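Residue numbers (our numbering), protein chains in the order written: chain A, -18 to 307; chain B, 14 to 376.
Glycine included, every Cβ here is placed at the ideal spot set by N, Cα and C.
Here the structure is a predicted model, which is why all the values come from computation and not from measurement.
Working notes, beginning with the structure itself.
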Amino acid sequence: MAELNMAEAINLALKQEMEKDDNVYVLGEDVGVDGGVFRVTDGLLKQFGEDRVMDTPLAEAAIVGMSVGMAMAGLRPVCELQFSGFSYFAFHQLEGQAARMRWRSRGSYHVPMVCRIPYGGGVRALEHHSESREAYYAHTPGLKVVIPSGPRNARALLLSAIRDPDPVIFLEPKAMYRAFREEVPDEEETLPIGESQVARKGDDLTMITYGAMTQHTLEAADKLSDEDGIEAEVIDLLSVSPLDDRKFTESVRKTGRVVVVHEAHRSFGPGAEIISRINEKSFYYLEAPVQRVTGYDVIIPYFAREKAYIPDVDRIVAGARQAMND
Amino acid sequence: MPRKKVRLEHAVEYLSILDKQGKPDKDLDPKIDKDTLLRMHRTMLLSRRFDEYQLRWQKQGRIGTFAPAKGQEASQIGSIAAVEDDDWMVPSFRETSVALWRGTPMTGLLLYNAGYNEGGQIPEGQRDLPISIPVASQMNEAVGIAYAMKMQKKDRLVMSYFGDGATSEGDFHEALNFAQAFKTPNVFICQNNQWAISVPRDQQTPSKTLVQKALAYGMPGIQVDGNDPLAVYAATREAAERARKGDGPTLIECITYRLSVHTTADDPGKYRDEEEEERWQEWDPIPRFQHYLNNHKVLRKKDIETLEKEIDEEVKSAWDDAEEQMKSLDDPLVMFDHLFEERPAYLEEQRQAMKQYREDHNG
Chain A
-18 MAELNMAEAI
-8 NLALKQEMEK
2 DDNVYVLGED
12 VGVDGGVFRV
22 TDGLLKQFGE
32 DRVMDTPLAE
42 AAIVGMSVGM
52 AMAGLRPVCE
62 LQFSGFSYFA
72 FHQLEGQAAR
82 MRWRSRGSYH
92 VPMVCRIPYG
102 GGVRALEHHS
112 ESREAYYAHT
122 PGLKVVIPSG
132 PRNARALLLS
142 AIRDPDPVIF
152 LEPKAMYRAF
162 REEVPDEEET
172 LPIGESQVAR
182 KGDDLTMITY
192 GAMTQHTLEA
202 ADKLSDEDGI
212 EAEVIDLLSV
222 SPLDDRKFTE
232 SVRKTGRVVV
242 VHEAHRSFGP
252 GAEIISRINE
262 KSFYYLEAPV
272 QRVTGYDVII
282 PYFAREKAYI
292 PDVDRIVAGA
302 RQAMND
Chain B
14 MPRKKVRLEH
24 AVEYLSILDK
34 QGKPDKDLDP
44 KIDKDTLLRM
54 HRTMLLSRRF
64 DEYQLRWQKQ
74 GRIGTFAPAK
84 GQEASQIGSI
94 AAVEDDDWMV
104 PSFRETSVAL
114 WRGTPMTGLL
124 LYNAGYNEGG
134 QIPEGQRDLP
144 ISIPVASQMN
154 EAVGIAYAMK
164 MQKKDRLVMS
174 YFGDGATSEG
184 DFHEALNFAQ
194 AFKTPNVFIC
204 QNNQWAISVP
214 RDQQTPSKTL
224 VQKALAYGMP
234 GIQVDGNDPL
244 AVYAATREAA
254 ERARKGDGPT
264 LIECITYRLS
274 VHTTADDPGK
284 YRDEEEEERW
294 QEWDPIPRFQ
304 HYLNNHKVLR
314 KKDIETLEKE
324 IDEEVKSAWD
334 DAEEQMKSLD
344 DPLVMFDHLF
354 EERPAYLEEQ
364 RQAMKQYRED
374 HNG
């Protein structure tokens, strides 16, 4: 058991799975000698050599397309796209090939690959380095979209993603890479893809979130408890697709009040799907309109103003109070 | 049927005019007029000092991540000085020297690097595109603009900048192919600075040169000493004439070196040795150019000292201006501006909600 940050925990998952399974390969820009721009793949080149830890030329489409081919032919590639803002260079490979190969070949082939992509704001980065566009991928049939919120679940989810028989988009909230440390067991631990977790128990209000927003939402829940005596239940989705609606349905039916929190744009964001599921399954249990605390429908501003874009504890608390008072 | 040979032209030229000490090959010297030489030198020096100050300010947290141009001033200035002000310029993200040559104020660049979208605004009259970060993504726009110039019968060409890493991207190949297919007036400036973050040039592509990629598209190309402003100038001049005559695009590979970090978020100590940096330091384009100017009595040592002082003041006062401007830029509501010509109702609603929230929470 060691105290790891999320970057180290993901590194541990890669290292252990590469030790265990010779078919696991890592490829991407600067993942070898440099250890990745966030140092997530640090040390892997030294341990596993350049055949399995590939510093590729600068070409996202080729990185993903090559991974699809490797996966179809029996390997387990884990490719890294440096920032989500550059992943669109490879979108046609993800949408047109990775997501469709099983379907198109009527099950003759499948694509057991993971595409790791740092995403989200909050690190004072340049343009194209702060977006949360998970909806693009979640909206694509044939892709699974997994988003950890901290070191321990990141490690456990990545192991499951590598072992998954289908392509997994593994979005890493970059603001969480070094945000906090957590006990991560040395021995192998997995979490099922498509299952959410109750991150905090409560009876008054349901807060549904994921990724970097989980920490903010937990803080907001504590504040609501201290200042308003409201006990919120916080659901950490962990997978955006497949979306696990069982846990939040249970919670919503208990509390009748809901706030959904995400960093992604508001319109057509994951919140829209979550709230549709609530309408479909729990409409008559609701005591008030469901609130959304989200990014705005604008391109995330350059970093001097990004704080005003990204939901913070105060905005989440305000959204929660609205859900309680309506 | 026997196998036959398909004849292909494979030779590419390499052009260098100044030697290591800044002595020119007299036959090749493009004989640039004195005012232009002085302006080229001044802008290169300004770009260098501006980078150095910005590195300091970045460490102090006054500005954010940025990509220094250090070492590439000759590739940038040699090329942009060879075309006209009303030609177009399509940058990637490291073209500080070019931006300064084109008249972009340092205050604007500082605002950009300090995280204010206002820094992206193009100064009135400049035909420059804003910084484009995703590698090679801007190259097809350069071709589109060039095609529009051709259709509108405007005698304007399009300069487009990118690095060695860009030549691996599909967008690079698509742009080159389109440009040659439609014979557009493009000049493609590849600044081969030897490193794409941690990936060295040899690992980027097994091709012997980058310029030979032009040959695959039937496009002329030339490799030049990118730390020699005269060679870059002469090659660009030729390419520009070709473009203006309607003979289509050219790829110029400038052999240069990134003397500093990829961006301030990068640590080159992780992947390259100092010896290599020192070797390239000897080819630093600024002293080489200064030797040339000095030998040709265009610029004396004393002039350089005066100029250094002037530039120092200029950079510092640019920061003062930028800092002053930042004071009035704290309103986040501007994030709702410039998305569409007219703001749709749903966005106005979100804007009002943010405004209300900020009033209620003393934002």
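Segment limits, alpha helix (DSSP H) that includes residue i
i: D55 (chain B); result: It is Arg, not Asp, that sits at residue 55 (chain B) in the sequence shown. It spans 47 to 72 - the alpha helix (DSSP H) in which R55 (chain B) sits, taken as one unbroken run.
i: K228 (chain A); result: 227 to 236
i: I98 (chain A); result: No alpha helix (DSSP H) holds I98 (chain A); the beta strand (DSSP E) holding it covers 95 to 100.
i: Q134 (chain B); result: Careful: Q134 (chain B) lies outside any alpha helix (DSSP H) and carries neither H nor E.
i: L140 (chain A); result: 132 to 144
i: D203 (chain A); result: 194 to 209
i: D307 (chain A); result: Segment: none, D307 (chain A) is in no alpha helix (DSSP H) and carries neither H nor E.
i: T37 (chain A); result: Neither: T37 (chain A) is in no alpha helix (DSSP H) and is coded neither H nor E.
i: V111 (chain B); result: 109 to 115
i: E318 (chain B); result: 314 to 340
Distance between residue j and residue i (C-alpha atoms, nearest Å)
i: P15 (chain B); j: S68 (chain A); result: 47 Å
i: L26 (chain A); j: K83 (chain B); result: 30 Å
i: P38 (chain A); j: E182 (chain B); result: 9 Å
i: A159 (chain B); j: P251 (chain A); result: 40 Å
i: K18 (chain B); j: R313 (chain B); result: 57 Å
i: Y283 (chain A); j: S29 (chain B); result: 41 Å
i: A278 (chain B); j: V212 (chain B); result: 16 Å
i: L138 (chain A); j: N306 (chain A); result: 37 Å
i: R301 (chain B); j: G176 (chain B); result: 23 Å
i: H197 (chain A); j: E164 (chain A); result: 20 Å
i: N126 (chain B); j: Q204 (chain B); result: 22 Å
i: M57 (chain B); j: R292 (chain B); result: 21 Å
i: M232 (chain B); j: P357 (chain B); result: 45 Å
i: I45 (chain B); j: A161 (chain B); result: 31 Å
i: V240 (chain A); j: T195 (chain A); result: 13 Å
i: Q139 (chain B); j: M102 (chain B); result: 9 Å
i: E97 (chain B); j: K47 (chain B); result: 17 Å
i: G282 (chain B); j: D226 (chain A); result: 48 Å
i: R258 (chain A); j: Q303 (chain A); result: 21 Å
Per DSSP, cross-strand counterpart(s) of residue i
i: N(-14) (chain A); result: Paired residues: none, contrary to the question.
i: R273 (chain A); result: A:V241
i: F201 (chain B); result: B:S173, B:L264
i: W101 (chain B); result: B:V171
i: P58 (chain A); result: A:Y6
i: Q236 (chain B); result: B:Y27, B:E266
i: I313 (chain A); result: With chain A running from -18 to 307 in the structure shown, residue 313 (chain A) is simply not present.
i: K125 (chain A); result: A:V149
Start and end residues, beta strand (DSSP E) containing residue i
i: V240 (chain A); result: 239 to 243
i: A314 (chain A); result: Absent from the structure is residue 314 (chain A), since the part of chain A shown begins at -18 and ends at 307.
i: D10 (chain B); result: Here chain B has residues from 14 to 376 only, and residue 10 (chain B) is not among them.
i: E153 (chain A); result: 149 to 154
i: T249 (chain B); result: It is not in any beta strand (DSSP E) - T249 (chain B) instead sits in the alpha helix (DSSP H) that spans 242 to 257.
i: Q178 (chain A); result: 178 to 181
Near the ligand MN: residue i beta-carbon under 8 Å from a heavy atom
i: A112 (chain B); result: Ligands in the displayed structure: none, and consequently the ligand MN is not present.
Proximity test, Cβ basis, 9 Å: residue i and chain C
i: A155 (chain B); result: Absent from the structure: chain C. Protein chains present are A and B.
Margin query: Three Cβ pairs or more, each shorter than 8 Å: is that satisfied between the stretch 79 to 86 of chain A and the stretch 176 to 190 of chain A?
Written below: no
Next item on the list: Name, going along the chain, the residues of the stretch 97 to 112 of chain A whose beta-carbon falls closer than 7 Å to a beta-carbon of chain B.
Entry: R105, A106, L107, E108, H109
Check: In chain order, what residues of the stretch 342 to 353 of chain B put their CB closer than 8 Å to some CB of chain A?
Finding: L342, P345, V347, M348, F349, L352
Next item on the list: Taking only beta carbons into account, state which residues of the stretch 124 to 150 of chain B come closer than 7 Å to chain A, listed in chain order.
Entry: A127, G128, Y129, N130, I146, P147, V148
Note to self: By the 7 Å beta-carbon criterion, what residues does the stretch 202 to 213 of chain B contribute toward chain A?
What the structure shows: A209, I210, S211, V212
Notebook entry, point to check: Is the stretch 112 to 126 of chain B touching the stretch 176 to 196 of chain B in the sense that three or more CB pairs, one from each, lie closer than 8 Å?
Noted result: no
Checklist line | Against chain A: residues of the stretch 51 to 76 of chain B by CB proximity under 8 Å | finding: none
Check: Is there contact here, the stretch 265 to 273 of chain A with the stretch 160 to 175 of chain A, by at least three beta-carbon pairs under 8 Å?
Finding: no
Next item on the list: Could you please tell me which residues of the stretch 142 to 169 of chain A, in chain order, have their CB closer than 9 Å to any CB of chain B?
Entry: none
Check: Using a Cβ cut-off of 7 Å, which residues of the stretch 211 to 245 of chain B contact any Cβ in chain A, in chain order?
Finding: S211, V212, Q216, Q217, T218
Notebook entry, point to check: Hey, is the stretch -8 to 12 of chain A in contact with the stretch 47 to 59 of chain A, meaning 3+ C-beta pairs nearer than 8 Å?
Noted result: yes
Notebook entry, point to check: Touch check for the stretch 68 to 78 of chain B and the stretch 256 to 267 of chain B: three-plus C-beta pairs under 8 Å?
Noted result: no
Next item on the list: Evaluate the contact criterion for the stretch 90 to 110 of chain B versus the stretch 244 to 257 of chain B: three or more CB pairs, one atom per stretch, below 8 Å.
Entry: yes
Checklist line | Contact residues within the stretch 244 to 272 of chain A, judged by C-beta distance below 8 Å to chain B | finding: R247, S248
Note to self: Within 8 Å, do at least three Cβ pairs link the stretch 111 to 129 of chain A to the stretch 90 to 101 of chain A?
What the structure shows: yes
Notebook entry, point to check: Is it true that the stretch 216 to 232 of chain A meets the stretch 272 to 283 of chain A, where meeting means three or more beta-carbon pairs spaced less than 8 Å apart?
Noted result: no
Check: Are three or more beta carbon pairs between the stretch 143 to 155 of chain A and the stretch 121 to 128 of chain A nearer than 8 Å?
Finding: yes
Checklist line | Interface residues of the stretch 171 to 199 of chain B facing chain A [CB-CB below 8 Å] | finding: G178, A179, S181, E182, G183, D184
Checklist line | Interfacial residues, the stretch 32 to 46 of chain A to chain B, with Cβ spacing under 7 Å | finding: D36, P38, L39, A40, A42
Check: How about the stretch 343 to 363 of chain B and the stretch 286 to 294 of chain A: do they share at least three Cβ pairs that are nearer than 8 Å?
Finding: yes
Check: When Cβ atoms are compared, which residues of the stretch 285 to 297 of chain A fall closer than 9 Å to chain B?
Finding: A285, R286, E287, K288, A289, Y290, D295, R296
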